[in-house]
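**Q** Quick one: the structure is below, and I'll ask about it shortly.
Chains as they are written, first to last, in the numbering used here: chain A, 1 to 111; chain B, 112 to 221.
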């Protein structure tokens, strides 16, 4: 599975849009890009998943360029409650799975 | 639906003791897995299962055993606890590409 690289931490202010970029240079053709959010003392929670171009749901948008070697998670108008760790994963569905979580990006939203 | 449940929430063990962390799900998912998370780190896969009777090793399997006799349950056994196994343990199920995590068990080995 492709290893992912993301910034260790980011700061933002309430109401701003936050973009977190993830690098996955060795992504394979049948790999998907998935993002999870984790609050302290909780398990990670699925945010969004995509294969290429743009995916949007009620929480976030995911932008994936044509070469798929990177992806950007976009959180519109963050609030204090968005302070969390965000993980970018490359996922391959082969009947079994071995997902690899990196260290993630610690987002701190200030008032 | 309870989703993924884990017991106990907290546990303190002495070095050399054994114990079983319980994980149960009511989502009827075939895939289940166990992760550990050390402070400030991401999650590391210990063992996983693609269905009842089928298990396989993940990234850090040493010192842990698993079995899967039913779809619902996936217990993790620590054979002889060591201080290096102090961590938070998460159980997860998977539905195609999305994983659903339990609340975690915080284990301290002294």
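Where is the CB? At the ideal position from N, CA and C, for every residue including glycine.
(1) So which residues of chain A does residue 152 of chain B contact, with C-beta pairs closer than 7 Å?
(2) Near residue 90 of chain A, which residues of its chain fall below 7 Å by C-beta distance, leaving aside the five closest residues on each side in sequence?
(3) DSSP on residue 80 of chain A, reduced to helix/strand/coil?
(4) Which residue marks the beginning of the beta strand (DSSP E) containing residue 19 of chain A, and which one marks its end?
(5) Since residue 122 of chain B and residue 218 of chain B should fall inside the 8 Å C-beta cutoff, what is the C-beta to C-beta distance between them, to a whole number of angstroms?
(6) Please determine if the segment 123-142 of chain B and the segment 197-210 of chain B are in contact, where contact requires at least 3 C-beta pairs separated by less than 8 Å.
(7) With a threshold of 7 Å on Cβ separation, who are the neighbours of residue 127 of chain B within its own chain once the five nearest residues in sequence on each side are excluded?
(8) Following the continuous beta strand (DSSP E) through residue 130 of chain B, name the residue where it begins and the one where it ends.
(9) Using 8 Å for Cβ pairs, my map puts residue 164 of chain B next to residue 179 of chain B. What's the rounded Cβ distance?
(10) Compile a chain-ordered list of the residues in the segment 29-57 of chain A whose CB is closer than 8 Å to at least one CB of chain B.
(11) Rounding to the nearest angstrom, what Cα-Cα distance links residue 108 of chain A and residue 174 of chain B in this structure?
(12) Whole-angstrom Cβ separation of residue 146 of chain B and residue 132 of chain B, contact assumed at under 8 Å?
(13) Please list the residues of the segment 205-219 of chain B that have a C-beta atom closer than 7 Å to any C-beta atom in chain A, keeping them in chain order.
(14) In the structure shown, what three-state DSSP assignment does residue 100 of chain B receive?
(15) How would you list, in chain order, the residues of chain B whose beta-carbon sits under 7 Å from the beta-carbon of residue 87 of chain A?
(16) Considering just the uninterrupted stretch of the beta strand (DSSP E) at residue 67 of chain A, what are its terminal residues?
(17) Do residue 170 of chain B and residue 48 of chain A have their C-beta atoms closer together than 9 Å?
**A** The short version:
(1) In the second chain, residue 152 of chain B corresponds to position 41, counting from 1. Among the residues of chain A, those whose CB is under 7 Å from the CB of residue 152 of chain B are 103, following chain order.
(2) Taking the first residue of the first chain as 1, we reach residue 90 of chain A at position 90. The residues are 1, 2, 4, 24, 27, 31 and 33.
(3) Looking up residue 80 of chain A in the first chain gives position 80. Looking at residue 80 of chain A - three-state DSSP - the assignment turns out to be helix.
(4) Translated into the one-based positions of the first chain, residue 19 of chain A becomes position 19. Note, residue 19 of chain A: beta strand (DSSP E), 18-23.
(5) As a working mapping, residue 122 of chain B is identified with position 11 in the second chain. As a working mapping, residue 218 of chain B is identified with position 107 in the second chain. The beta-carbon distance between residue 122 of chain B and residue 218 of chain B, rounded to whole angstroms, is 5 Å. This is short enough to meet the 8 Å contact definition.
(6) yes
(7) The residue you call residue 127 of chain B lines up with position 16 of the second chain. The residues are 191 and 192.
(8) To locate residue 130 of chain B, count along the second chain from 1; it is residue 19. Segment 130-136, the beta strand (DSSP E) holding residue 130 of chain B.
(9) Working through the second chain from its first residue, we reach residue 164 of chain B at position 53. Working through the second chain from its first residue, we reach residue 179 of chain B at position 68. 6 Å between Cβ atoms; contact.
(10) If the cut-off is 8 Å between Cβ atoms, the segment 29-57 of chain A has 32, 34, 36, 41, 42, 43, 44, 45, 46 and 49 near chain B.
(11) Position 108 of the first chain holds residue 108 of chain A. Position 63 of the second chain holds residue 174 of chain B. Answer to the nearest angstrom: the Cα atoms are 36 Å apart.
(12) Reading the second chain from its first residue, position 35 is the one you call residue 146 of chain B. Reading the second chain from its first residue, position 21 is the one you call residue 132 of chain B. Incorrect: roughly 11 Å between the Cβ atoms, too far for contact.
(13) 205, 207, 208, 209, 210, 212, 213, 214 and 215
(14) Past the edges of chain B, shown from 112 to 221, lies residue 100 of chain B, and the structure says nothing about it.
(15) What you label residue 87 of chain A is simply residue 87 of the first chain in a count that begins at 1. Correct list: 153.
(16) Taking the first residue of the first chain as 1, we reach residue 67 of chain A at position 67. No beta strand (DSSP E) holds residue 67 of chain A; DSSP gives it neither H nor E.
(17) As a first step, residue 170 of chain B is located in the second chain; it is residue number 59 there, counting from the start. As a first step, residue 48 of chain A is located in the first chain; it is residue number 48 there, counting from the start. No, Cβ-Cβ distance for residue 170 of chain B and residue 48 of chain A is not below 9 Å.
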